[in-house]
Each structure stands twice: as structure tokens, then as C-alpha cells.
Amino acid sequence: MEAGWPREYLRDHTAHILVIALLALYPPVYHILLNSPVSAETQMLLPTVETMVGVLYFGLFAISFDFISGYTGYLSFGHAVFYGTGAYTVILIANGKLPLLGPGTPFMLSLLVGGLIAIVLAMLVGLVSFRLSGVYFAMITLGFAQVFYVFVRGWDYVATNPRDGPAVGPSHAEGFQIGVPGIDQLSLSIGVLTGDEVALLGSTLSGTEVSYYMIGLVVLACYFAMQRVIHSPFGRVMIAIRENEERAVAIGYNTYLYKLGAFAISGFFAAVAGGLFAGFKRSASPENAFYFLVTGDALLASIIGGFGTLAGSLYGHLFDETVREFLSKAGQGGGLLPYLRALLGQETLDATLVGDTTIGGLIDLLLNGHASLYVGLVFVLFVLYVPDGLLGTLRARLGGTFAEALPAKLWGDSE
Amino acid sequence: MIVEALAEFLTLGELGGVIVNGLAKSALYVMIASGLTLIFGLMGVLNFAHGSLTMVGAYLGGLLMVVTVTGGTAPLTRLGLFFVAIVVVFALLTMLGGAIETTIIRPLYDRPPIYQILLTFGLTLVIEEVVRIVLGVYGLQPLSDWQAALATKPQFLREPVALGPVSAGWMSLFQILLGTVTVLGIWAFLTRTRYGLYIRAGSEDAEMASALGIDVRQVFTVVFALGIGLAGAAGTLLMWDPTWGASVPLAAETLLPAFIVVIVGGLGTFRGTVVAALVVGMADAVTTWWFQNAIEFTGLPELVLFLVLVVTLIVRPQGLFGVEEVGGH
């Protein structure tokens, strides 16, 4: 058996390899479909590669939220504060506003610094907050996060107009590099306009596509790190805290320290996610980084994907974004609205229904910018009828995790 | 400079003005939070949709006023219509609340409390978008205050009134009056009626109460409905206040202070909510004065509200009057 360990290892990770392969193939497949006879349908149904980049980094944030909330049962309702910390750290370093770290600091280091600041912050917030539990814990973390939100919104050191948030200044025109710091050959720039273009197998990857892969690599590494923690003895204690904290204490675990540790780890990865977001978008605002509704989006993602399943949060956010893009985008990026407009033709659109309401007007009214309505309905239905979420339900069906069930299905039992 | 400001702050006129303002703010906070605290106290449901329903109440109240009031309507008639509007909105939202409870909240009672938070959170998304769609039909701006509704306010409510050396707005006095009436009304309902007795019994021990023959499920429905009705009434009042006004962001603007008041007061105690509303309202008024006169930090009042929450939870984790067992301790 000793010699067969690589096979064994690959077998155990069949599901991971499958998911990674699907995600890696997405941009070329999307590209091919876009130039095929079904291009209109592709544009309508599938999220653009740029949206998928967002799915990756925000998915990481949702995973980090699930890490603390889904596994220890402590709802971290102020999780956005770590995301915002990561995002602001990256931009402030790039603008030379953080002491000791100049604008030339490698992006990977900025990510790490943001993560470390988030760890310190998580420790401080956690020291007080973990004396509470249940709703009170959710509320005190929300309170802390909102204090920071209000604070950065009024602090004019971070940006000339703190309400709109900081953006990467013109002095830092080149894109942020993901890779091995200091070695140009092993790094690639990310960003919609600033990303590197790479020639590969006779075709060119655009900046967005390069960003997709590079950010995907970081997200993947973070996911495996968190998954490793969950499957370690430390992670077992986290689950014990969720299931029955009194018993975990009775067995002799100092649950306070475990919760604090889990919170710090989760805060670190949330900050990395925030840093990736800022690195890709090159700007952040209090509303999209620190506000409590950012945490709300992560909550949405992990419930739809499956609370306490880690990877589920990414799928949950993918689902959320797909629905949103399908139902709301009016301009570029496709979605149902432009598709219907093109399909029905101008004459049908101008036909009147009741009074002076045209069909086009009605479609516009119901579909233009109201994706939250449908996402909200889907969310309510999920809470009512699919409380375990996508991945959770799948696990319940399979009687174990997907990662265990898939290889057994494909290659038969190992024993 | 701070010393000068402090000296000015402590003059009778300024201090009195701050206190009247603080009481008015407290009255608003107690109106926003009382529905939330009733629902949480009895049912343990932290209703995230509360702010959205307050916002719906503001728009419904505004709609009633805009439809009935014309330019020539006399001030007292306007005031009368306003009371009618509050009652109508209260009734409508009570019905809506009853419908929400029976259809989607009820299946969740035997699940962990987090699912009720999640469900009501989803509900806020739906409600806000529906409101946006309706506003879109009528061409109203969802993000800015509804001016037409503000304009139905009688002129004298915009004017200041002198109470000895203190100058206060008629609007503040009006808000204090309504807040006091609400508090007294809820207090009388809880302590002087049979249904209030059921509610208090259910809050203390729902199982025992149902063993004694009280239909706790029905009590749940009634309390949820009344809580939503109160949210609507509060919204109608906010519609006339220029610092709040009827707009879609009102939902988040009211939800967070309502949470602060309920948590600071302690989950499940009405007395705690009233005291917390006074504390929070006063803190708000005092810091607003300081922001306007001495300290240049825009977010100061908001910052202080959340600091009140955090400090209270650190010093007294169960809130000012909270019971240890409620809410996860």
C-alpha cells in the first residue's frame, strides 16, 4: 500500500480535481460558446468572466464567514469589518499611506499584512465578544463592525472623500501582481484594465482572464488551508462547540481559546478576500467593504450553498451571482432583459397591454435592476424548504461528503 | 475651545434644547423598537424585516396623507387626518404581519433561531425591491425622501416654540406626545388586559402557558401582527420628520437603531426597551449638539450609538434589564 499513496491521494481528491477543472475550463468554454451559434443564449445564461472573478474573491469571503459561523455556530454578523480591513490595507499601502510600507510593497505582502491586521482586530473584538453567545454575539460583532464602518466613512486620511472610499492613485498605475514576490517570471498582474495578457496555445488570455486564474489560485490555497483546519483536531473542537459547547467544556477544552483562534483564522482569510477584491477593482468604498449588508451577502451565499459545508459558500455565491446577473443586467454582460428585447422585437415591445403600459415597459419594470427581489424570494424558499442548502442537501442524500462519495461511485470502494 | 463649547453646552437654553431633542429622539426610538421587542420577548424571533416594514409604513402613511391633503387643508384637519392615517396604517400592517406569521414564520418555530433571522433577512430583500418597483411605477426616487409627503405637514409643526428659556420645535413636542401615548398604550395592554397577561405568561414559559390552556400559537400570531403594526405606525410618524423621511434606505436606518435599543435594554423586557430608548435618544441628542457646535466628525452620533451598544454588552452582557436565559445565554 505504501507505494500507492499518490493514487490514493488523487482518489480522495477526485471531487476537488473535478471542481477545479470545471472552474479552470470556464473562461475558454465561455469564450467558445460566445462565438458559437448559441452565443445569445450563452450571454443570457452564463455569468461573464469578470463576474466570475467576483464570485471567486467574494466566495472566499463567504467561505471564511462559514468557517466561523457555520462550524462554531457563532454568527459573526460583523464579518465585513475584516473584508474591509483587507481591502483598505491593500489600497492604503499602494497609495503609500501606511507607515513603514511604501507603495512598492508587493501585493502578496499587502495581502498578508491585511490578514495580520485582521487577526489582531479579530483578537480584540473576540476577547470581548466571546463572553456572549447567540443573538448577543451576533449583535456585538455587528456593533463593532458598524463602529468601524462609520469611522472609515468619516476619516479623511484614507481618501479625499471618505464617503466614496479610497481608490488606487495614479502613482501606482501598474496592476497588482500575484505570484512569487520579487520574481517577475513567476508573477502576473491582475485587474480589468491593468492585468497582464498572456499568449497561450495560440490564443491570448485577456487581463480579466489572467486575473481569474491568478485570484483563483489564491482562493484555492486559502480554501485548502481552511479545509485542512476543519479536518484537524482543532476543527473537531470547533464542531463540538457548535453541537454542544457545555459538553466540550466538560471534556476539558478551553472553548474560549478555540473560538478566539477560529475567529482569528476566519478574519485572516476574510481580509485576504477583501485584499483580492481591492486588488482587482482598484477601489473600495465603505458601502461595498465595511457595511453590514456585505456580511448579509456572505450569509446569503452560505445559506444557499449550505451552512457549515465550507465549499458550499462558493457555490452559493455563484448561484446568487448567476441569478442576479441573469435577472438584472440591462447593459453589457447579458441576462434575460436584453435577450427578451432582442427576441421579441421592437413591434411586440411597443404593443400595449393595459392603458399606456407596453410589454417592453412591463419587462423593463419587472427585470431592470430588481434582481434582489428574486434573490430574496429564492433565499426565503431555501430557508423554508432547503434549509441545508445546495451542498448540505447533497451530503444528506449521499450520506457523507461529496468528496468521499464521488470516488466511491467512480472507482468502487477502496477496501 | 472644548471648554468654551462645554460652557455653552451647559447654559440652560442649550441644555434644555438638547434634553427636549433627546426626549423627541427617544420617543421615535421607542416607537421603532417596541414592535421588535414585543416580538422578540415572546417568540424569540429577531425580526430583521422590522426596518423594511417601518419603511412600508412610512410610504403607506405618506400615500394616505398625499391623497387626502390638498394645499388648502387647515392645519388641524391635517393633524386629524394624520391620526387617521396612523390608525389605518397600523391596521393594514397588523393584517400583513398576521399573514406573514401564519404563512412563513410559523413553520420555523422548531428550527434553531438563526433560521428566523435568515428568513426575515430574505424578506427584507423582497419587501425593499417590491417597494422600489412600485415607486418606479409612480416615478418616485427611492433614495431620497418623499417631499410630497413631507409637505403635508401643517405649518405650525415646522415652527419653534419657546418654553421659558428653552427653544424647541413643535415637532419635537408632537413626537414626545406620540411616543408617550405609545408607551402607555403598550404598558396598559401588557399589564391591564387578559391578552397582555397571556403574552407575559408566554414570554416567561410558553410550554407552561399552553399547558394551562392558553392558545400560545394564536398569541404568537397576535403579537407578531401587533409588532408589525407598531412598526408601521412608527414609520408613519417618521414620514413627517425631515431627518428621517419616507425613503427606501429608511429600512436600514431604522433597523440598526431599533436593534441597539432592544439589545441595550435587554431582550424580552419592555421596561428595558423604554429605558434604553431614553439612554440612546439622549446620547444621540448630546452628540448631535457636539457635532453641530464643536467636533468636526460627521459620523459622531452614529458612532456613539454603536459604542453605547458595544459598551453595554461588555459591562452588562444581558442588557440593562435583560433576563439571563433569553437570547442564548
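Protein chains in written order, with my numbering: chain A, 54 to 468; chain B, 0 to 328.
Ideal placement from N, C-alpha and C gives every residue a C-beta, glycine not left out.
Note down, in chain order, every chain A residue with its Cβ under 8 Å from the Cβ of valine 260(B).
Valine 260(B) does not reach chain A, its nearest Cβ partner there being about 11 Å away, counting only Cβ pairs nearer than 8 Å.
Under 8 Å between C-beta atoms, does tyrosine 108(B) make it to chain A?
no
Beta-carbon proximity list for valine 303(B), same chain, < 6 Å, skipping 5 on both sides
Result list for valine 303(B): Ala282, Thr286, in chain order.
Glycine 201(B) in three-state terms, based on DSSP
In the structure shown, glycine 201(B) falls within a helical segment according to DSSP collapsed to helix, strand and coil.
Nearest chain B C-beta to phenylalanine 204(A) closer than 8 Å, yes or no?
Judged by the 8 Å Cβ criterion, phenylalanine 204(A) is in contact with chain B.
Threonine 253(B) in three-state terms, based on DSSP
helix
Per DSSP, what kind of secondary structure is isoleucine 231(A) in: helix, strand or coil?
It is a strand residue.
Of the choices Gly97(B), Ile116(B), Val88(B), Gly271(B), whose alpha-carbon is the least far from that of alanine 32(B)?
Gly271(B)
Glycine 386(A) to phenylalanine 204(A), Cα distance in whole Å?
Confidence at glycine 386(A) is low in this model, with a pLDDT of 49, below 50, so the placement of that residue should be treated as unreliable; the coordinate-derived value is given next. Distance between the alpha carbons of glycine 386(A) and phenylalanine 204(A) is about 35 Å.
Taking 8 Å as the CB-CB limit, is isoleucine 356(A) close to chain B?
yes
Distance, tyrosine 194(B) Cα to phenylalanine 188(B) Cα:
8 Å
Could you tell me whether the Cβ atoms of glycine 445(A) and glycine 359(A) are closer together than 8 Å?
yes
Could you check what DSSP says for isoleucine 213(B) in three-state terms: helix, strand or coil?
coil
Between phenylalanine 316(A) and chain B, is any beta-carbon pair separated by less than 8 Å?
no
To the nearest angstrom, report how far apart valine 428(A) and leucine 367(A) are at their CA atoms.
16 Å
Starting from leucine 145(A) and walking both ways along the alpha helix (DSSP H), at which residues does that stretch end?
Per DSSP, leucine 145(A) belongs to the alpha helix (DSSP H) from 133 to 147.
Mapping the DSSP letters down to three states, classify alanine 48(B) as helix, strand or coil.
Residue state, collapsed to three classes: coil.
Quick check on DSSP: helix, strand or coil for threonine 102(B)?
helix
I'd like to know if valine 19(B) contacts chain A, where contact means its C-beta is closer than 8 Å to some C-beta of that chain.
no
Whole-Å CB distance - alanine 351(A) paired with phenylalanine 118(A), under 8 Å assumed:
4 Å
Between the C-alpha atoms of proline 286(A) and valine 44(B), what's the straight-line distance to the nearest angstrom?
34 Å
Below 8 Å between beta carbons: does that hold for methionine 54(B) and valine 247(B)?
yes
Just list the residues that DSSP pairs serine 22(A) with in beta bridges.
Outside the shown range of chain A, which is 54 to 468, sits residue 22(A), and nothing can be said about it.
Exposed unless 16 or more other CB atoms sit within 10 angstroms - verdict on arginine 335(A)
buried
Residues of chain A with a CB under 8 Å from the CB of valine 309(B): which are they?
Val181, Ile193, Gly196, Phe197, Val200
With DSSP as the reference, please indicate the residues paired to isoleucine 243(A) in a beta bridge.
Phe229(A)
Using a threshold of 8 Å, state whether the C-beta atoms of glycine 264(B) and threonine 76(B) are closer than that.
no
Could you work out which residues of chain A lie near proline 316(B), taking near to mean beta carbons separated by less than 7 Å?
Arg184, Leu185, Tyr189
I need the straight-line Cα distance from arginine 281(A) to threonine 125(A), nearest angstrom please.
16 Å
Check whether the Cβ of tyrosine 114(B) lies closer than 8 Å to any Cβ atom in chain A.
The beta-carbon of tyrosine 114(B) is placed less than 8 Å from the nearest beta-carbon of chain A.
Report the neighbours of glycine 298(B) on chain A: residues whose CB is nearer than 8 Å to its CB, in chain order.
For glycine 298(B), the chain A residues whose C-beta falls within less than 8 Å of its own C-beta are Val203, Phe204, Arg206, Gly207, listed in chain order.
Looking only at its own chain, which residues have a Cβ that is under 8 Å from the Cβ of arginine 300(A), when we skip the five neighbours before and after it?
Short of 8 Å from the beta carbon of arginine 300(A), and not among the five residues preceding or following it, lie these beta carbons of its own chain, in chain order: Ala293.
Three CB pairs or more closer than 8 Å across the region 174 to 187 of chain B and the region 225 to 241 of chain B:
They touch, by the three-pair rule.
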